[in-house]
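Asker:
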Amino acid sequence: MKKKFMILLILIILFLLYLLSWTFDFSKGKKPDWGLTFSQYYAEKELGLDFKKVYQDLLNDFKVKNLRLIAYWDYLEPEKGKFNFEDLDWQVKEAEKHGKEIILVIGLRVPRWPECHFSSWAKDLPREELEENLLDYLKEVVNHYKDFSSITTWQVENEPLFGLFGNCPNPSKNLLKKEINLVKSIDKKRPIMITDSGELSLWLNSAGLSEIFGTTCYRIVWNEFFGSYKHFWPPVFYTFRAFLVEKFTKSKEVIIAEFQAEPWATRERSIVNIPLKEQTRYFKLKDLKDNLEFAKKTGIKQIYLWGAEWWYWRKTKGDDSFWQLAKSTF
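Numbering (this note's numbering), first residue to last: -1 to 328.
1. Answer with buried or exposed for Tyr16, where buried requires no fewer than 16 other C-beta atoms within 10 angstroms of its C-beta.
2. Mind pulling the alpha helix (DSSP H) runs of 4 or more residues that sit fully within the stretch 231 to 300?
3. With a 10 Å radius around its C-beta and 16 neighbouring C-beta atoms as the bar for buried, classify Asp10 as buried or exposed.
4. With a threshold of 7 Å on Cβ separation, who are the neighbours of Glu260 within its own chain once the five nearest residues in sequence on each side are excluded?
5. Looking only at C-alpha atoms, which of Lys275, Phe257 and Thr296 sits nearest to Leu286?
6. Jot down the residue ranges of each uninterrupted alpha helix (DSSP H) in the stretch 109 to 149, minimum 4 residues, whole runs only, in chain order.
7. Less than 7 Å between C-beta atoms, sequence neighbours within five positions excluded: which residues of the same chain meet that for Tyr53?
8. If you count every other CB in all the chains shown that lies within 10 Å of the CB of Trp20, and 16 or more means buried, which is it?
9. Give the range of the alpha helix (DSSP H) segment to which Ser226 is assigned.
10. Rounded to whole angstroms, what's the CA-CA distance from Lys95 to Tyr302? Just pull it up for me.
11. Whose C-beta lies closer than 7 Å to the C-beta of Gly97 among residues of the same chain, with five residues either side of it excluded?
12. Using CA atoms only, rank isn't needed, just tell me which of Ile218, Gly206 and Leu283 is closest to Leu323.
13. Write down the C-beta distance between Pro109 and Ile149 rounded to the nearest angstrom, noting that I regard them as a contact closer than 8 Å.
14. In three-state terms, what does DSSP make of Val62?
15. Check the C-beta distance from Ser249 over to Ser195 and give it rounded, since I have them as a contact under 8 Å.
16. Would you mind reading off the limits of the alpha helix (DSSP H) that contains Asp48?
17. Give me the DSSP bridge partner(s) of Glu77.
18. Please name the residue, chosen from Trp119, Asp145 and Val154, that lies closest to Leu136 on a Cα-to-Cα basis.
19. Please state if the CB of Tyr236 and the CB of Ile298 are separated by a distance shorter than 8 Å.
20. Figure out for me which residue from Leu123, His142 and Leu132 has the closest Cα to the Cα of Leu102.
21. Among Phe83, Leu132 and Lys295, whose alpha-carbon lies nearest the alpha-carbon of Leu174?
22. Based on the DSSP secondary-structure assignment, which residues constitute the bridge partners of Leu303?
23. In three-state DSSP terms, what is Phe13?
24. Using a Cβ-Cβ cut-off of 7 Å (strictly less than) and excluding sequence neighbours within five positions of Asn165, which residues of its own chain qualify?
25. Given that a residue counts as buried once 16 or more other Cβ atoms are within 10 Å of its Cβ, and exposed if not, what is Lys294?
26. Return the chain-ordered list of same chain residues with a C-beta closer than 7 Å to the C-beta of Leu274, the five sequence neighbours on each side being excluded.
27. For Leu47, collect the residues of the same chain with a Cβ closer than 8 Å to its Cβ; drop the 5 residues on either side in sequence, then sort them by chain order.
28. Can you grab the Cα-Cα spacing for the pair Phe81 / Ala120, in whole Å?
29. What residue range is occupied by the uninterrupted alpha helix (DSSP H) comprising Leu173?
30. Can you grab the Cα-Cα spacing for the pair Lys61 / Phe224, in whole Å?
31. Applying the 10 Å Cβ sphere with the 16-neighbour rule, what's the burial state of Arg125?
32. To the nearest angstrom, how far is the alpha carbon of Gly105 from that of Gln277?
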């Protein structure tokens, strides 16, 4: 009887501590250094938008200093050995005109589903040959963009050691280290960032591989077993782990590289095929407000929001509330 009482008492104390943890605010009254991720692929292929118009409006309306742009292999090397940097060059140069600082995501696994964006000619290559071509591609990309002063950081791959999600080859830490070493051999000045899932990873494999470590933060998610649900982690869950990484690994800065600011809907349907009211079931304007407040409470200094293309798409459908809320936040 006494043993059961002690177990119950411990559980009650833990639950009360959990509730208390939600009151912690590590921001010290300061706003984070907000940033935005922009995906040409998502804007034009998934949302059917003119990506240049979206991007220019984003640059003009949002007073953020930081951008995360994406180098898609299938866009940049559509044929083996034949490169087309035109669209990404335009994005980088437009950002420079507006005084932005850029994290450039490079590699095979980069943001937006299906995560790994193969060039068609490389998709069915044997693993060893695929890796050789990937390294050749990375070499070309880094050499091309290393002289753009607005690029401050190379993000090598996106959640590269997270194998639970995406249509990708099995993760390889050995390959990732080769990619990191290759980038460092070409550009010794800029830091490298590696990212990992904020909710589904302990970061044990990924933290410490680079000077900067980036986590994701998705609060309202969907999967085929549970449908749509909200994670129960409080802000301190990210704050404490960021502290451990900065204190005990070679990664001396932790940022939130992707902070959810759009719905995570079912994978079976593109977001454009989901009615606006149904989209709102997955992600309300209040959810964006709550997420922005949650982000601040982590105390993590640099936070990149994920979903600006969707805010714009909603605006074209007569609802500019998400766009306006983000605009007022910055």
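The C-beta atom is built at its ideal place from N, Cα and C for all residues, glycine as well.
Answerer: Put simply:
1. exposed
2. 233 to 246, 274 to 280 and 283 to 296
3. Residue 10 is actually Ile in this sequence, not Asp. Exposed: under 16 other Cβ atoms inside 10 Å.
4. Phe281, Trp304, Gly305 and Trp308
5. Phe257
6. 125 to 143
7. Phe36, Gln89 and Glu92
8. exposed
9. Not the alpha helix (DSSP H): Ser226 falls in the beta strand (DSSP E), residues Gly225 to Lys228.
10. 20 Å
11. none
12. Leu283
13. At roughly 16 Å, the Cβ-Cβ gap does not stay under 8 Å, so Pro109 and Ile149 are not in contact.
14. coil
15. Not a contact, Cβ separation roughly 16 Å.
16. Careful: Asp48 lies outside any alpha helix (DSSP H) and carries neither H nor E.
17. Lys80
18. Val154
19. yes
20. His142
21. Leu132
22. Leu34 and Phe257
23. helix
24. Pro112, Glu113 and Cys114
25. buried
26. Lys315 and Asp317
27. Ala41, Glu307, Tyr310, Trp311 and Thr314
28. 14 Å
29. Lys171 to Ile184
30. 38 Å
31. exposed
32. 31 Å
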